[in-house]
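Going by numbering that gives the first Met the number 0, the first residue of the sequence shown is number 0, and it counts up by one from there. Ideal placement from N, C-alpha and C gives every residue a C-beta, glycine not left out. A quick write-up on the structure given underneath.
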Amino acid sequence: MGATWEGGVIYWLGAATLLASSLIALTLVWLDVRMFGLRPVNLLIGVLILLDSAGLALLPFLENLPLPYLPEAKSAYTLSTNREDAYFSHVASHLLIQVLLLIYLLASKPHKSVLLKRGIRSLLRRAIQVGFWLAVPLALFFYVKYFFLGPGMELLQGFRLSYADTTEAVTARSLASSQVESGQGAFGAQIAAFVVWPWLTILLLQKVRSGLFFWPMWGILWLLSTAYALQTYQKAPVLAVALIYLSIALSRRAQFRRMTRSRQRLGRRQSIVFSIAVLGGFLGSVLLYSINFGLSAGEAVVATIGRVLLVPPNTEAFWFLVYPKQIAFLGPAYTWNTNIDIIRQTALAATGDVFSANASFIAVGWSGLGFLGVLLNGVALLFYVHLIEVAFSQNITPYLRNLILALFAVPLFFLLSGTVGDFLFKGGLTPLLIAWNLPLSSRKGGYLAHSLLNSLQLKS
């Protein structure tokens, strides 16, 4: 009884501390948005808290997860004994990431480019421009290799949108995954689908004025990306591709509209765009759950909410339960990266079953070096965010900023179920590339310069 009481205290204290920290962080994010507008770092903090930390605070007090397509799913913290230490480490890791990001949020000056000298910025911009001309032929090569010399075309032809039940859908996904092996070009095709083809589409957005040429090319590149997403037999990639190309399409419409100097109008448009993106993502997920798993509308809504809010922290918990109590920390080589064997090994050790327990960058960092691994992952993510923040401090169009933010928000979901590398190569690189290389052109052939005062540059 004593151990149970002590465990309950740890859960309540951990959850209360995490909720208090999250509320403080969200308050600071709200104030930062009021002062400077939406920008990558405040968007990142908000998403991590709302879609990961909030669920972690609830997790120990749930026995079953609200997942109609998987009614036997249990909360990770009901699966084993002596789990209080794991929850403490789990909460502390989230607090560590929150503190790291909040320090940057409070210390950064959005109207200035800091820690990156002009010469370095120029070199980075030039490297990205040269890299683009190498990326396109490589993307074509890997697409041909994977789809015509590898299993891609066979998997695409065997794709089904609707299954009789969850078991059949999961089995089909597992069989599809087992056909993909190293050396077939799958990784190169993934980068092409989520980074290179959207990047090329945005280049066309900048260069091509004729809608008769742009829209067919937009459609072809969208189909290429969708082909890869479909053959994964997963819902998230399909939805991500749809939101990426929808964001680009909306930017095409906004690019040739008359510029406004009103911060209020720009703010309203930004709010509308993100409201549409969030609502579209939610409704798209509900639709995919309904069709893919044969759920009713109500069940699909519950499944979407449970999948978004509770599955990421629950899967993370497996890694905190396993490392280092059951398996020793894996070491520096696996601090930023993991593989399917480790993922399945973790699931087996935590639950007794073998499945793809894809966890966030926080959990992967923990499995490598504990708190040091979590910190190193946070620093790597923050360095990437800083590169985008530096570009945001430049004199760029507010529509480009909205596009960058939209393309930054979409792959954040992969950050909650994968490594920093997964996030970058499933779309996270795209906003960085366009921020440093592709300002949108105006009707007169010049840049649509952001006309607000420097001190208010991020109000767009």
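query                                                                                                                     : result
Nearest candidate by alpha-carbon position, reference Ser161, set Phe87, Ala239, Ile290, Ser209                           : Ile290
Per DSSP, cross-strand counterpart(s) of Asn63                                                                            : Lys73
Best match in Glu62, Leu245, Asp340, Gly7 for proximity to Asp84 [C-alpha to C-alpha]                                     : Gly7
Beta-carbon proximity check, Gly280 vs Trp335, cutoff 8 angstroms                                                         : no
Near the ligand NAD: Val300 beta-carbon under 7 angstroms from a heavy atom                                               : Ligands displayed in this structure: none; no statement on the ligand NAD is therefore possible.
Length of the line joining the Cα atoms of Asp51 and His93                                                                : 9 angstroms
Residue environment, Ile243, which counts as buried when at least 16 other CB atoms sit within 10 Å                       : buried
Residue from Trp214, Val129, Phe292 with nearest C-alpha to Arg251                                                        : Trp214
Residue of Ile190, Ala346, Lys73, Leu49 minimising C-alpha distance to Leu481                                             : Residue 481 lies beyond the stretch modelled for the chain, which goes from 0 to 459, so this question has no answer here.
Cβ shell of Arg257 (< 8 angstroms), same chain only, five flanking positions each side left out                           : At Arg257, the pLDDT of 45 sits below 50, so the modelled position is not reliable and the matter cannot be decided from this model.
Between the CA atoms of Phe360 and Thr350 - distance to the nearest angstrom                                              : 21 angstroms
Separation of Asn313 from Tyr10, as counted between CA atoms                                                              : 15 angstroms
Contact check, Ala53 vs Ser21, beta carbons under 8 angstroms                                                             : yes
Residue burial classification, Gln128 (beta-carbon count within 10 angstroms, cutoff 16)                                  : exposed
Inter-stretch contact (C-beta, 8 angstroms, three-pair minimum) for the stretch 57 to 67 and the stretch 137 to 147       : no
Selection from Gln183, Ser181, Trp221, Gly157 that minimises the alpha carbon distance to Ala175                          : Gly157
Cβ-based neighbour list, Tyr227, same chain, cut-off 6 angstroms, excluding 5 preceding and 5 following                   : Ala188, Ala192
Alpha-carbon spacing of Leu155 relative to Gln230, whole angstroms                                                        : 5 angstroms
Extent of the continuous alpha helix (DSSP H) run through Tyr103                                                          : 83 to 106
Endpoints, alpha helix (DSSP H) assigned at Gln325                                                                        : Note, Gln325: premise wrong, no alpha helix (DSSP H); not H, not E.
Residues near Phe422 in its chain [Cβ-Cβ closer than 6 angstroms; skip 5 each side]                                       : Pro410, Phe413, Leu414
Spatial neighbours of Gly330 in its chain, beta-carbon cut-off 8 angstroms, leaving aside the 5 residues before and after : Gly367, Leu368
Assumed close pair Leu17, Val90 - CB separation to whole angstroms, cut-off 8 angstroms                                   : 5 angstroms
Buried versus exposed, by CB contacts within 10 Å (16 or more), Ala239                                                    : buried
Backbone CA spacing between Pro197 and Phe370 [nearest angstrom]                                                          : 36 angstroms
Phe382 - containing alpha helix (DSSP H), residue span                                                                    : 370 to 391
Status (buried if at least 16 other CB within 10 Å, exposed otherwise) for Lys425                                         : buried
Residue-chain proximity (Tyr232, chain D), Cβ-Cβ < 8 angstroms                                                            : Absent from the structure: chain D. Only one protein chain is present.
Cα-Cα separation between Ala348 and Glu62, rounded to whole angstroms                                                     : 19 angstroms
For Ala434, three-class secondary structure by DSSP                                                                       : helix
DSSP state of Ser359 mapped onto helix, strand, coil                                                                      : coil
Leu199 vs Leu220 beta-carbon contact at 8 angstroms                                                                       : yes
Leu308 versus Leu320: straight-line alpha-carbon distance, rounded                                                        : 20 angstroms
Contact check, Thr345 vs Phe317, beta carbons under 8 angstroms                                                           : yes
Endpoints, the alpha helix (DSSP H) within which Val321 is located                                                        : 310 to 321
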